[in-house]
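Participant:
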Amino acid sequence: MKSFGYTITDRQGLRAMVAGRLAKEAGKFHSKIIIMTGERIAGATDLMGLMNLRLKRGMVVSVIAEGSDEWDAITAINNFFKENL
-14 MKSFGYTITD RQGLRAMVAG RLAKEAGKFH SKIIIMTGER IAGATDLMGL
36 MNLRLKRGMV VSVIAEGSDE WDAITAINNF FKENL
């Protein structure tokens, strides 16, 4: 299991277009990737689940990947967050 924490810096938070791209990126990996904030949890490939997290600027999220390609998955998702959120 690999993980990282991230503070949302985008002033609009997680928008639908970005959530769609995140789900597509996460779908490239065999590992299960989840995103958590507070008590809310969503699979990274679940677009509606991601939107239900209601991620806003300043919120802290934890991203966890577990599976055969977890290192590649967590690296790619970390880069995605840095570039888009």
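What the sequence shown shows, in the numbering used here, is residues -14 to 70, in sequence order.
We treat Cβ as the ideally placed atom computed from N, Cα and C, and that holds for glycine.
Could you spell out the range, first to last residue, of the alpha helix (DSSP H) harbouring A61?
Facilitator: Where A61 is concerned, the enclosing alpha helix (DSSP H) stretches over 55 to 69.
Participant: Looking only at DSSP bridge pairs, what is F(-11) linked to?
Facilitator: F(-11) is bridged to V48.
Participant: Could you name the residues that DSSP lists as bridge partners for R25?
Facilitator: Paired residues: T22.
Participant: Using a threshold of 9 angstroms, state whether the C-beta atoms of I18 and I(-7) are closer than that.
Facilitator: For I18 and I(-7), no; Cβs fall outside 9 angstroms.
Participant: Looking only at C-alpha atoms, which of L7, Y(-9), L(-1), K13 sits nearest to G52?
Facilitator: For the residues L7, Y(-9), L(-1), K13, the minimum Cα distance to G52 belongs to K13.
Participant: Indicate the three-state DSSP secondary structure (helix, strand or coil) for K17 in the structure shown.
Facilitator: Looking at K17 - three-state DSSP - the assignment turns out to be strand.
Participant: So, S47 versus G(-10), is the Cβ gap smaller than 9 angstroms?
Facilitator: The answer is yes: Cβ separation under 9 angstroms.
Participant: Mapping the DSSP letters down to three states, classify R6 as helix, strand or coil.
Facilitator: If DSSP states are grouped into helix, strand and coil, R6 belongs with the helices.
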